[in-house]
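In what follows, a single structure is set out as structure tokens and then discussed.
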């Protein structure tokens, strides 16, 4: 009985080693590592640059991942065009409503480019795991979709 228990314990231990998440420290961070991980998980890399990535998530959200110069933060952003026939007041009301109802990210209206920019900050200053990055990226895409659904009459966003 003890032998079976020890064998099961050893199998569990080694299985945990193979599936354990690895902490990525800021000093070891490379955007190419994020690219490789996301490609391996089925994400589409639209554009890769030393400073940023453009990714299409599994739920078809286009997201830019920008890394700050000190490797402390990855900024997620997704841009949605604003309907040019929508009034500025209606656009501002919508942006304010989204920011109040969905505090997990921020929406900014960029008037000169006629777009709503959805932003999220993923901190890597003290380290992160690729799995936590993937989870937050997926959630960000879902939250952007939820925010788009708040435009019930579809008069603000295209």
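Residue numbers (the numbering used here): 81 to 238.
C-beta: ideal position from N, C-alpha, C; glycine also.
All figures in this text were calculated on a predicted structure; none of them were measured in a lab.
Taking a cut-off of 8 Å for Cβ pairs, the region 109 to 122 and the region 220 to 237 do not touch, as fewer than three such pairs fall below it.
Looking at the backbone, the Cα of residue 172 and that of residue 189 are separated by about 8 Å. Annotated three-state conformation of residue 128 is strand, per DSSP.
Between residue 235 and residue 193, the C-beta spacing is not below 9 Å. By the neighbour-count criterion, in which 16 or more other beta carbons inside 10 Å mark a residue as buried, residue 167 falls on the exposed side.
Within a 10 Å sphere around the beta-carbon of residue 126 sit fewer than 16 other beta-carbons, which makes this residue exposed.
For residue 177, no beta strand (DSSP E) encloses it; the enclosing alpha helix (DSSP H) starts and ends at 168 to 181. Residue 132 sits away from residue 202, with the two beta carbons spaced by 9 Å or more. Spanning the alpha carbons of residue 184 and residue 199 requires a straight line of approximately 9 Å.
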